[in-house]
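Working notes, structure below.
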Amino acid sequence: MPDVKASLRIYTKGYILDEVNKILGCDVDFGYSEGDLIRANNIKHYTETMWGKNSTHENSENIELHITELLDWLEQRKSEFINLASKADIKSDIFCYLSSKNGQAGYVFSADLLKRITDFNLDLVLDIYMSE
Numbered sequence: 055m056p057d058v059k060a061s062l063r064i065y066t067k068g069y070i071l072d073e074v075n076k077i078l079g080c081d082v083d084f085g086y087s088e089g090d091l092i093r094a095n096n097i098k099h100y101t102e103t104m105w106g107k108n109s110t111h112e113n114s115e116n117i118e119l120h121i122t123e124l125l126d127w128l129e130q131r132k133s134e135f136i137n138l139a140s141k142a143d144i145k146s147d148i149f150c151y152l153s154s155k156n157g158q159a160g161y162v163f164s165a166d167l168l169k170r171i172t173d174f175n176l177d178l179v180l181d182i183y184m185s186e
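Heads up, the final residue of the sequence shown is numbered 186 in our numbering, and it's a clean run with no missing numbers.
Right, here's the structure in full:
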């Protein structure tokens, strides 16, 4: 059975997580602020802020459900997202984790879904793991 998850990620400079939360009107699920220490080495600092929101679907093998949930959420905050983009240099994407324990899986992204992704100028990142 495939394991799938999706997240919306927004990268920006000049804003910390609390400021992005305020602009978007919600709390972050995961992320870090520009200037925070990178925990792996405790020496270097992040050079940008990363704000992330996870899809909430559980036990769903349909990656489109996860992505659609995030796009619906973003659509409800379209003016806030545009406001953030107008004030800061942002990069944003939909990050998809796709895993199959039997070494086989197939994923389809409909043209309608891909259009919604590009309407927000989001990149689509696929992190794929196959094992037998």
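Even for Gly, the Cβ is constructed at its ideal location relative to N, Cα and C.
Who does residue i pair with in a DSSP beta bridge?
| i | result |
| --- | --- |
| V58 | L152 |
| G106 | R63, F84 |
| H99 | L91 |
| D126 | D126 pairs with nothing; no bridge assigned. |
| S146 | I64 |
Taking the alpha carbon of residue i as the reference point, which residue from the options has its own alpha carbon closest?
| i | options | result |
| --- | --- | --- |
| Y65 | E123, F163, T103 | T103 |
| N175 | N156, I182, L128 | L128 |
| V162 | L119, I144, N156 | L119 |
| S87 | A60, S140, H99 | H99 |
| K155 | E115, R63, K67 | E115 |
| K59 | I121, E73, A94 | I121 |
| S185 | K67, Y69, D81, Q158 | Q158 |
| T101 | Y69, L178, L167 | Y69 |
| K169 | D90, V82, R93, L125 | L125 |
| R131 | C80, E73, D57 | C80 |
| D57 | G160, L167, V74 | G160 |
Starting from residue i and walking both ways along the beta strand (DSSP E), at which residues does that stretch end?
| i | result |
| --- | --- |
| L178 | 177-184 |
Kindly give me the distance between the Cβ atoms of residue i and residue j, rounded to whole angstroms, as I take these residues to be in contact under 8 angstroms.
| i | j | result |
| --- | --- | --- |
| L180 | L138 | With a Cβ gap of about 25 angstroms, L180 and L138 do not count as contacting. |
| I171 | C150 | Going by Cβ atoms, the distance from I171 to C150 rounds to 11 angstroms, so no, they are not a contact pair. |
| F84 | G106 | 4 angstroms |
| L62 | I148 | 6 angstroms |
| V82 | L91 | The Cβ separation is near 18 angstroms, so there is no contact. |
| D143 | K67 | 6 angstroms |
Taking the continuous alpha helix (DSSP H) assigned at residue i, which residues delimit it?
| i | result |
| --- | --- |
| R170 | 165-173 |
| V74 | 71-78 |
| Y134 | A quick correction: the sequence has Glu, not Tyr, at residue 134. That run of the alpha helix (DSSP H) goes 132-141. |
Counting only the same chain and skipping the five closest in sequence on each side, list residues whose C-beta sits under 7 angstroms from that of residue i.
| i | result |
| --- | --- |
| E123 | S109, T110, H111 |
Near residue i, what residues of its chain come up, given a Cβ to Cβ distance below 6 angstroms and the 5 sequence neighbours on each side ignored?
| i | result |
| --- | --- |
| Y183 | S153 |
Grab me the residues of residue i's own chain with a C-beta within less than 8 angstroms of its C-beta, minus the 5 sequence neighbours each way, in chain order.
| i | result |
| --- | --- |
| K76 | none |
| S164 | E118 |
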